[in-house]
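Take 1 as the starting number for the sequence shown in full-length UniProt numbering and just add one per residue. Glycine included, each C-beta is placed from N, C-alpha and C at the ideal position. Just so we're clear, the structure is a prediction, and the values are computed from it rather than from any experiment. Single-structure report; data block below.
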Amino acid sequence: MWQMAQDFKGAIDHCTKDFDLDMDIVVSLKYGDFTERDPMIECFTECLMKKSGFMYDDYTYNKTLIIGFAGRYLEPEGAQSVYDNCIDRFGQTVCVTGFEMYQCIHETAVSEWVSSNF
Numbered sequence: 001m002w003q004m005a006q007d008f009k010g011a012i013d014h015c016t017k018d019f020d021l022d023m024d025i026v027v028s029l030k031y032g033d034f035t036e037r038d039p040m041i042e043c044f045t046e047c048l049m050k051k052s053g054f055m056y057d058d059y060t061y062n063k064t065l066i067i068g069f070a071g072r073y074l075e076p077e078g079a080q081s082v083y084d085n086c087i088d089r090f091g092q093t094v095c096v097t098g099f100e101m102y103q104c105i106h107e108t109a110v111s112e113w114v115s116s117n118f
C-alpha cells in the first residue's frame, strides 16, 4: 500500500513539472474538485493515470491497481464496482479519457465509501 502512495506522489510531482500546473488546481483534483477543466488539466490527469500505473501506454487500464486503490476505502465488492463502473470511460481524446477515468475512480470510490459509512 505504501508503494502505491509513493508511486502516486511521484506521478503528481512528475506531471506537475511536465505541465507547469498551478498547485491549487493539483490539490483541487487530489481532493475531488473537478470544476476547473481545460485541455491542459485533462492532459495532466492523463499523465497522472499513466505515470501512476492506472493506465497503460496503449490506453487500457490496470485492473489490479485500480481495484487495489479503491480497496483502500472499500470492501472488495465495492472496489470491484469502481473498476466496473469506470472501465468504459473513453473520451474524444486520450487526455479526455484520462480525465474521465480519474474523475470516475475518485467519485465512485468516494461515493461508495460515503454510502457504506454514513
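Would residue i be called buried (16 or more neighbouring beta carbons within 10 Å of its own) or exposed?
i, result
"M40", "exposed"
"Y102", "buried"
"F54", "buried"
"V82", "buried"
"T35", "exposed"
"E100", "buried"
"Y31", "exposed"
"D57", "exposed"
When the distance is taken between beta carbons, is residue j closer than 9 Å to residue i?
i, j, result
"G98", "L21", "no"
"T45", "L29", "yes"
"A70", "T16", "no"
"I87", "Y61", "yes"
Quick one: what does DSSP say residue i is sitting in, helix, strand or coil?
i, result
"Y31", "coil"
"V26", "helix"
"Y59", "coil"
"I105", "helix"
"G10", "helix"
"T93", "coil"
"S81", "helix"
"A5", "Bear in mind that the predicted position of A5 carries a pLDDT of just 47, short of 50, making it too unreliable to give a figure here."
"F54", "coil"
Return the bridge partner residues of residue i from the DSSP annotation.
i, result
"Y73", "DSSP output for Y73 lists no bridge partner at all."
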